[in-house]
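In terms of the working numbering, the numbers along the sequence shown are unbroken and rise by one, the last being 71.
Each remark here refers to the structure printed beneath this line.
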Amino acid sequence: MTLAEMEKELIIKTLDIVGWNRTRAAGILGISVRTLRNKLKEYGTILPV
């Protein structure tokens, strides 16, 4: 597993735990909401409806 794959998995799991609340997830991960948004865009992750 690459570092990028591990990062993506951690971000997705954190988002699942907080009900896809990006502000809370970013706080838990210690990154800004902007960084989180950019990572999701980079990974091509679509937010659940």
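Just so you know, even glycine gets a beta-carbon here, dropped at the ideal spot from N, CA and C.
- With at least 16 other beta carbons inside 10 angstroms of its own, L37 counts as buried.
- In the DSSP assignment, N60 falls within the unbroken alpha helix (DSSP H) covering V55 to Y65.
- Per DSSP, reduced to three states, the secondary structure at G41 is coil, with no helix or strand assignment.
- Under the three-state reduction of DSSP output, M28 falls in the helix class.
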